[in-house]
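Data first, discussion second: the structure below is written as structure tokens.
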Amino acid sequence: MLNDPEQFPNLSPLTYGRGNPLTLDPVKFEKERRIVRALVARCMGKLARPGLVTTTTEEVIWIAEWCHKHRVPYKVGKRYYPTALVGDPICFIKIGRE
513 MLNDPEQFPN LSPLTYGRGN PLTLDPVKFE KERRIVRALV ARCMGKLARP GLVTTTTEEV
573 IWIAEWCHKH RVPYKVGKRY YPTALVGDPI CFIKIGRE
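In this note's numbering, the protein residues as written are 513 to 610.
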């Protein structure tokens with residue numbers, strides 16, 4: 513969701529390593545980044561801790577950024593699981609102390 517190419521056409525290519533510095537619009541990118549950060553903040557702010565987040569490996573950075581900013585410990589699981597629809601790897605992130 514956070515890296516959806518239709519919803520975030522300027523942010524998504526960078527996440528997947530396909531960004532072109534010649535065509536990147538920094539203003540549009542910053543707007544999309546603010547939206548994603550706000551989505552993460554709203555969701556993470558409601559998560560009971562300790563908690564567990566399931567996300568794609570590409571989206572881990574957004575969760576990690578929020579945790580660092582709020583000084584919340586987290587641990588990304590080492591195992592990855594393919595999603596049923598497109599096979600993207602997902603993982604589990606433990607949030608907070610146990």
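Using N, Cα and C, we set each Cβ at its ideal position, and we do this for glycine too. The model shown is predicted, which means the values in this text are computed figures rather than measured ones.
By the Cβ-count criterion, isoleucine 575 is buried, with 16 or more other Cβ atoms from all chains shown falling within 10 Å of its own Cβ. If the five residues before and after proline 562 are omitted, its C-beta is found closer than 7 Å to the C-beta atoms of Lys606, Ile607, Gly608, Arg609 and Glu610, all from its own chain and listed in chain order. Distance check between tyrosine 593 and each of Cys603, Val584 and Pro585 places Cys603 closest, using alpha-carbon atoms only.
DSSP places glycine 563 within a strand segment (E or B) once states are collapsed to three.
Taken through DSSP and simplified to helix, strand or coil, threonine 568 comes out as strand.
By the Cβ neighbour-count rule, glutamate 518 is exposed, with fewer than 16 other Cβ atoms within 10 Å of its own. In this structure, leucine 514 lies near glutamate 571, with their beta-carbon atoms less than 9 Å apart. For valine 588, the enclosing beta strand (DSSP E) stretches over residues 586 to 588.
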